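Peer 1: Okay, here's the structure, questions in a sec.
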Amino acid sequence: MLTLLECMKNNLPSNDGSKFKTTESHLDWEKVAFKDFSGEMCKMKWMEISNEVIDSTWGFVGAL
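See the structure below:
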């Protein structure tokens, strides 16, 4: 997971003022790809991770 995040970070534009979802949609996932993981595999894993974070955040907010 750390390698995926590092590859994503390395492919983000510097000084990007866009919303995260906009920047995410413009990522060239083939440039994010590493080792045996294709761009599509990286994108799917990121979607899984980000959805878990969002679900956890809403659960936390709902508990307040």
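Counted from 1, the sequence shown has number -17 at position 2 by the numbering used here; the numbering is strictly sequential.
Ideal placement from N, C-alpha and C gives every residue a C-beta, glycine not left out.
Since we're looking at a predicted model, the values are computed, not measured.
Just checking my contact of lysine 26 with leucine -7 at CB under 8 Å: how many whole Å lie between their CB atoms?
Peer 2: In fact, because the Cβ distance is near 17 Å, the residues do not count as touching under 8 Å.
Peer 1: I'd like to check one pair, tryptophan 10 with glycine -2: are the Cβ atoms closer than 8 Å?
Peer 2: no
Peer 1: Ends of the alpha helix (DSSP H) at phenylalanine 15?
Peer 2: Where phenylalanine 15 is concerned, there is no enclosing alpha helix (DSSP H), given that its DSSP letter is neither H nor E.
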